[in-house]
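All letters in the sequence shown, in the order written, are residues 1398 to 1528 by my numbering.
From the three backbone atoms N, C-alpha and C, an ideal C-beta is built for every residue, glycine too.
Nothing here was measured: the structure is a model prediction, and the numbers come from that model.
Some notes on the structure that comes next.
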Amino acid sequence: MLFDFRLSTPAEGMVDITNEVSAAVRESGVLEGLCIVYCPHTTAAITINENADPDVQNDFIMGMAQSFPELNAFRHSEGNSDAHIKSSTIGASETIIISGGKLLLGTWQDIYFCEFDGPRTRKFYVKIIGG
Ligand code: ZN
């Protein structure tokens, strides 16, 4: 079963999409299986990280900016090569186990849509596999 979602993103940041993904799992009725969360964009990404302290998300975005700065030497005329690099580094998808009809996430884990070149209206897909 395939679900698609739209979201509005900030200029740069992590948007918690765990509630949307959990709702898709419930609606699918799948008790044991796999959930794939996929981002169809080249300057955004999907990741799983800590949900307790919002400073983790701020530090994540700051760390990515310091690790992958936009360089004058880049040739891509759109001027967002740093965002393309961040997107591929974090990755376009995550796979989460479904057990007992729920996402098998750790206590401190949530699923995040990472925006590296916003603000924009973005999409993501949730594919549920199992019975
Ligand atoms: Zn570009």
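- Per DSSP, reduced to three states, the secondary structure at V1418 is helical.
- T1406 has its Cβ no nearer than 8 Å to any heavy atom of ligand 1.
- Within the same chain, Cβ atoms closer than 6 Å to the Cβ of E1429 are found at G1527, the five residues on either side in sequence being excluded.
- At least 9 Å separates the beta-carbon of S1474 from that of H1438.
- In the DSSP annotation of this structure, G1476 is not part of any beta strand (DSSP E), being labelled neither H nor E.
- For ligand 1, no non-hydrogen atom lies closer than 8 Å to the CB of S1485.
- DSSP, reduced to helix, strand and coil, places T1406 outside both helices and strands of the structure shown, so it counts as coil.
- Within 8 Å of the C-beta of A1480 there is at least one heavy atom belonging to ligand 1.
- Judged by DSSP in its simplified three-state form, A1462 adopts helix.
- Taking C-beta atoms under 8 Å as the contact rule, I1493 and I1414 fail to qualify, at a distance of about 12 Å.
- Shortest gap from the CB of N1416 to any heavy atom of ligand 1: 8 Å or more.
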